[in-house]
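Asks:
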Amino acid sequence: MQVRRLDGKEAGAMKVKAYHSAHPSDPQVFHDDDECPAGREIPWWNKQLGTDERPRCEYCVSIDAHRPVALSGR
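Letter by letter, the sequence shown follows residues 2 to 75 in my numbering.
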């Protein structure tokens with residue numbers, strides 16, 4: 002069964018293992034949500050697993066804050 006959100010998108014998107022960009026000119030943040038537009042812009046060859054002690058991406062924080070409780074893991 003597929004669940005749809007109010008905006009019509011599938012509700013399957015969720016948290017992923019933390020990753021960050023290895024490119025020095027990219028924002029120095031980590032991502033952990035597969036819906037994050039900034040995280041999706043990082044080419045696969047620049048993605049590094051882990052937080053590298055960076056702050057969490059503001060998009061990831063915002064997406065998580067607006068996700069239904071059952072899907073956010075809270």
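For every residue, glycine included, the Cβ atom is placed at its ideal position computed from N, Cα and C.
Is the beta carbon of His21 closer than 7 Å to that of Arg79?
Replies: The structure shown does not extend to residue 79, since the chain is modelled only from 2 through 75, so no value can be given for it.
Asks: Given a cut-off of 7 Å, decide if Cys61 and His32 are closer than it, judged by their beta-carbon atoms.
Replies: Yes. Within cutoff.
Asks: With DSSP as the reference, label Arg57 as helix, strand or coil.
Replies: Here Arg57 sits in strand by DSSP.
Asks: Expressed to the nearest angstrom, what Euclidean distance is found between the alpha-carbon atoms of His67 and Leu50?
Replies: C-alpha separation (whole angstroms): 25 Å.
Asks: Out of Gln29, Asn47 and Ile43, which one is the CA nearest neighbour of Glu94?
Replies: The question about residue 94 has no answer here: the residues shown for the chain are numbered 2 through 75.
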